[in-house]
Amino acid sequence: MSGKKSLWSLLVLALLMSCTNGESPYRFYDWNVTYGDIYPLGVKQRGILINGQFPGPQIESVTNDNLIISVFNSLDEPFLISWNGVQQRRNSWQDGVYGTNCPIPPGQNFTYVLQVKDQIGSYFYFPSLAFHKAAGGFGGITILSRSVIPVPFPPPAGDFTILAGDWFKQNHTDLKAILDGGHDLPFPDGLLINGHESNGNTFTVDQGKTYRFRISNVGLTTSINFRIQGHKMLLVEVEGTHMLQNTYDSLDIHLGQSYSVLVTADQPAQDYYIVVSMRFTPQVLTATSILHYSNSAGSFSGPPPGGPTIQVDWSLEQSRSLRRNLTASGPRPNPQGSYHYGLINVTRTIRLANSAPIIDGKQRYAVNSVSFIPADTPLKLADYFKISRVFSLGSIPDNPTGGGGYLQTAIMAADFRGYAELVFENAEDSVQSWHIDGHNFFVVGMDGGQWSPDRRLNYNLRDTVSRCTVQVYPKSWTAIYMPLDNVGMWNIRSENWARQYLGQQFYLRVYSPANSWRDEYPIPKNALLCGRATGRRTRPL
């Protein structure tokens, strides 16, 4: 796209957002995506850099800000960025996954126009195509509350982002080839904290002051535990929800999840270990960073603190301790607790069971026996242009079939303003992690064994956490309530990136017949067209 055309598209899109959302501030980002040499585990790798950075630049914003992010693809292959937890209200055109967007071709750019409408909290972005996530290209997203909305804790002296997760020494192309060959990935080679394995990051604090740490698990396959030597952590926010402020020695953070904690520098002035370690794995790998007191009189005292390893019950109880702060204001000037999610009538129950079938002699992963395969045209475009034979609604059942796995471009239909109960059922021996784009949901229950309707008697219908990513423990189930309040084509996926790549995902089409801008924005003028949508004309803005 030429610079002139790109600028024109940017101005038109900004005008649209201004007209429909008032005069909320604009924040502009220009990103150049390149390959570059990185050495996160001491071995040279071909990483994905954004403006030369690994991890990528931090996005700092405030509730209702408009984010204009121009992404130029300097790679030699197509590329997309998605926004983990940023809801894109009425705007799945900007979701950045292949089911909704055409990839950005090499040597071209695409300008994302997002509004962080009625959101606060800690999130991250990542590359969603191929197996690019194993090469980098991820970064943190912070959405602060507007000044007129009170926050339920004093302003911290500093705000730190920690992007942690497992890492492989092999390049992403080699890992992709393993999966394409029908095999599972090997065990990870290490853990990283902000791109480093051991003491590569230093977070400097002043004694007596309190700091906010925003921690996200951006890894590929593994749950982690986070802790800071000698310090307690006060949990204050989970993926946009202000929390009842419980204190923890360590926190389990599953794939795709984000947490905010407050840490007070109330110990003797020295250096302390910040530790991330693997959970539920036969081998426990660890990464460390440094909490450095500005008036430090000495180095570390003792080894890094140990943490939990394979204890599932401990993790389950910790997860059940997460409670919503019913007295805190949300991103809008009304108490979050005024939304009585437990009193709304459920209009539909959907049970989703993960599995690991062998299909055509190759390892695949599935949901209700369906292993997702991408269509030749993004589903959102096929839906908009009414292109036949790209997908079929109802191509994934609402309940487990118990049958063998099969390949399908899986789409589930849903009605706008419905209220769904989703039950994730995990009969496997590994922890699962599920993410739903475009929505927050209420985690009403989780337990071991088989789910049945009588389990509803023990649901938390008063003060559970609202979030966008949730874990399911081995041989267990997790139930959520979800308002279907965001029209669009939305990805529901495993956050284990090997499982997602090999089919453990599908799309939820939340449909409104009104065809109104009040329900969904029109297709952007700068929308990339590909597959069978190539050459078609979008309607004017």
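Using mature numbering (1 follows the signal peptide of the UniProt record, and there is no 0), the letters of the sequence shown map in sequence onto residues -22 to -1, 1 to 519. The beta-carbon is built from N, C-alpha and C at its ideal position, and this holds for glycine as well. Just so you know, these numbers come straight off a predicted model, no measurement behind them.
Give me the DSSP bridge partner(s) of residue i.
i	result
R471	H413, Q483
T89	S48
I202	I231, M256
R14	Residue 14 is actually Gly in this sequence, not Arg. According to DSSP, G14 bridges with G25.
Y103	W61, G117
W9	V49
S2	Answer is none; S2 lacks a bridge partner.
G466	V488
E38	T120
A265	V254
S444	F420
P84	According to DSSP, P84 bridges with nothing at all.
Would you tell me roughly how many angstroms separate the C-alpha atoms of residue i and residue j, rounded to the nearest one?
i	j	result
K364	I389	15 Å
G234	A511	32 Å
R5	I46	6 Å
G30	T264	27 Å
Y343	R445	24 Å
N79	L330	25 Å
A476	L435	35 Å
I119	V94	11 Å
L304	L222	8 Å
residue 547	L163	Absent from the structure is residue 547, since the part of the chain shown begins at -22 and ends at 519.
F419	R302	12 Å
G509	T180	47 Å
E295	R257	15 Å
G396	Y250	49 Å
D137	S100	11 Å
G513	N195	40 Å
S490	D361	13 Å
Q289	N203	12 Å
K503	N62	24 Å
F50	G208	44 Å
E399	G427	18 Å
N474	W145	13 Å
P246	P281	16 Å
R471	P375	15 Å
F165	Q261	9 Å
Y499	S299	38 Å
Report the option in the options whose CA atom is closest to the CA atom of residue i.
i	options	result
P128	N44, S307, V262, N177	S307
T89	D376, W9, E295, L294	W9
P452	R487, D407, N224, G63	D407
V75	T266, T355, P246, D184	T355
D338	L122, A142, L480	L480
L213	D184, F131, H417, D43	F131
G85	W292, V11, P378	V11
V324	P83, L462, I16	L462
F394	D497, P378, G320	D497
Q185	S123, L269, H174, T139	L269
S2	T266, N44, G276, K358	N44
L507	K358, H150, S279	K358
residue 528	H174, S201, V183, T151	Nothing can be reported for residue 528: it is not among the residues displayed for the chain, which extend from -22 to 519.
I328	T379, A391, V401	V401
L486	A155, G77, H220, K340	G77
Are the CB atoms of residue j and residue i within a distance shorter than 7 Å?
i	j	result
S228	G285	yes
F191	V253	no
N105	I37	As written in the sequence, residue 105 is Pro, which differs from the Asn given in the question. Contact flag unset, no.
I231	I193	yes
F484	V368	no
N153	P18	A small fix is needed here, since residue 153 is Leu in this sequence, not Asn. No, these two residues do not count as a Cβ contact at 7 Å.
L92	Q65	no
G466	V488	yes
N404	V448	no
T242	T188	yes
N469	D415	yes
G34	G117	yes
V309	T41	Inspection of the sequence shows that residue 309 is occupied by Pro rather than by Val. Taking 7 Å as the Cβ cut-off, P309 and T41 qualify as a contacting pair.
I121	S39	yes
G218	Q97	yes
W455	W429	yes
Measuring only between beta-carbons, confirm whether residue i sits less than 7 Å from chain B.
i	result
A265	Given the protein chain composition of this structure (a single chain), no chain B is represented.
Within the segment 268 to 307, ranges of the alpha helix (DSSP H) (whole runs, at least 4 residues): 290 to 298
Complete alpha helix (DSSP H) runs within the segment 128 to 197 (minimum length 4 residues, chain order): 150 to 158
Minimum length 4: unbroken alpha helix (DSSP H) runs contained in the segment 379 to 442: none
Contiguous alpha helix (DSSP H) assignments of at least 4 residues, all confined to the segment 331 to 369: 357 to 363
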